[in-house]
Amino acid sequence: MVNIVRINVDTKMNDLESNMENCNVISTLNKTSKQKGKNNIRHLYSWTHNSDIIKCYGWYDGEHNIVNKHELIPNGSSKFLDDDSSTILLYGDIFLLCNDKNNKLKDFSVSDYAEFYDIINEGFDDCITDDDDDDDDIDESDLEENNEDDEDTDYNEDDIEGDFELINSDESDELDIDNNKY
242 MVNIVRINVD TKMNDLESNM ENCNVISTLN KTSKQKGKNN IRHLYSWTHN SDIIKCYGWY
302 DGEHNIVNKH ELIPNGSSKF LDDDSSTILL YGDIFLLCND KNNKLKDFSV SDYAEFYDII
362 NEGFDDCITD DDDDDDDIDE SDLEENNEDD EDTDYNEDDI EGDFELINSD ESDELDIDNN
422 KY
């Protein structure tokens, strides 16, 4: 028996025990799935963590009502998908399995995934800081004065250097050589 992770379409995760071996992964996951996308389940992405390989199985095509709302860890490698693993829309259940360095399945739990997710996404949070609470301390008269100052400021287009050039992307698919001196 090996433990795997199932991520449901509503982002809830379950630890599942399965009598799975490398040779019957696809058929076992198909039987274990509550919600499926179109076609067969596939090995979508892999990530390396220490000497382990975390593999993601799921569907990259399906109906709009079964889009899986979970955002995967970024920079997964895929043999056939070009989209980044954190931005692609997946359908139905998503499964995460772990193989050791000898390609043998090993236990992988929701808590293991959460730990790996935190390690990979270190430094990224909801951008909530103590400074967000200070917004309540702003005096409305200060805001009104700032708005009045903005209205009094005249911008002359001649004062702005021509550092920017608008390029119509319909004209050419290739970028021009950057001849600017920095």
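Numbering (our numbering), first residue to last: 242 to 423.
Note that CB positions come from ideal geometry on N, CA and C, so glycine has one too.
Asked, Found
"Nearest neighbour of L313, chosen from K422, V250, M242, Y423 [CA to CA]", "V250"
"Nonlocal neighbours in the same chain, by C-beta distance under 6 Å from N255, ignoring five residues either side", "R247"
"CB contact flag (N263, N344, <8 Å)", "yes"
"Three or more C-beta pairs below 8 Å linking the stretch 264-282 and the stretch 298-311", "yes"
"Pairwise C-alpha distance: I418 and F357", "41 Å"
"Contacting residues, own chain, Cβ-Cβ under 7 Å from N260 (five flanking each side not counted)", "M242"
"Rounded straight-line distance, which links the Cα of F336 to that of G317", "14 Å"
"Straight-line gap, N421 to S287 (C-alpha atoms, nearest Å)", "41 Å"
"Own chain, CB closer than 8 Å to S319, minus 5 neighbours either side, in chain order", "L285, Y286, S287, S326"
"Neighbourhood of S218 by C-beta, 7 Å cutoff - its chain only, sequence neighbours within 5 removed", "As displayed, the chain neither begins before 242 nor continues past 423, which places residue 218 out of reach and without an answer."
"Beta strand (DSSP E) segments (min. 3 residues) lying fully within the stretch 275-301", "283-290, 293-300"
"Residue(s) in a DSSP beta bridge with N343", "Answer is none; N343 lacks a bridge partner."
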